[in-house]
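Below you'll find the structure, written out as structure tokens, and then a few comments.
See below:
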């Protein structure tokens, strides 16, 4: 599955950089979405190795980087999809306004997305540690969170609200507005037969 994801995202990057207009409105977002997926997929071999070996061989820095990278890529993907939905809505409702947005603007937005995603994942990077346990004379290393339970619940609540609830509500609202806009445009172009 990991290989299919890598091939699909690399193919997307190749297509986006060779045959699609680089100035297209969604170009920057699709490229960043593919990069986020590739970053996430790059962590899978480490996780598979750890579960099969039942030991962590990648040190304390590996713990911090790999576990936080999971959150960074998750947030970046969700935020980019939310921005793409917003752009789509604005393109339908105000097409000329959306046309005026530059590639530089879209790059700045995606840089802010990655920065915000990193900030949200930073507590994971800080609050994880490599623990060593000895079982039956064999030393095993595993990454363990060092959170207090209350702080961990607060952090999970923040993640839920920023990564699932808010983007879900925004995307749902925008698609309802799009459906309404489409419906109104169709009824004004094709009036009902009862009016004749």
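Residue numbers (the numbering used here): 1212 to 1407.
Where a beta carbon is used, it is the ideal one built from N, C-alpha and C, also for glycine.
Since the model is a prediction, treat every value here as computed from it, not as a measurement.
If we count Cβ pairs, one from each stretch, closer than 8 Å, do we get three or more for the stretch 1312-1327 versus the stretch 1282-1298? yes
Roughly how many whole angstroms lie between the Cα atoms of residue 1239 and residue 1385? So the two alpha carbons sit approximately 21 Å from each other.
Sequence-distant residues of the same chain with beta carbon closer than 7 Å to residue 1285, five excluded per side: 1374
Enclosing alpha helix (DSSP H) for residue 1252 [first to last residue]: 1238-1264
Determine the direct distance from the alpha carbon of residue 1246 to that of residue 1356, and round the result to whole angstroms. Between the C-alpha atoms of residue 1356 and residue 1246 there is a straight-line separation of about 27 Å.
Exposed or buried, residue 1306, counting other C-beta atoms within 10 Å across all chains shown (16 or more means buried)? exposed
By the 10 Å Cβ neighbour count, where 16 or more other Cβ atoms means buried, how is residue 1304 classified, buried or exposed? exposed
Whole-Å CB distance - residue 1336 paired with residue 1391, under 8 Å assumed: The pair is not a contact, with the Cβ atoms about 42 Å apart (cut-off 8 Å).
Length at least 4, wholly inside the stretch 1286-1352: the alpha helix (DSSP H) runs in chain order: 1306-1310, 1314-1337
Can you grab the Cα-Cα spacing for the pair residue 1283 / residue 1346, in whole Å? Cα atoms of residue 1283 and residue 1346: separation of roughly 33 Å, rounded to the nearest angstrom.
Whose C-beta lies closer than 6 Å to the C-beta of residue 1220 among residues of the same chain, with five residues either side of it excluded? 1245, 1248, 1249
Is the Cβ-Cβ distance between residue 1254 and residue 1224 less than 8 Å? no
Of the residues 1333, 1265, 1370, the one placed nearest residue 1349, counting alpha carbons only: 1265
Quick check on the DSSP output: the alpha helix (DSSP H) that includes residue 1361 runs from which residue to which? 1360-1371
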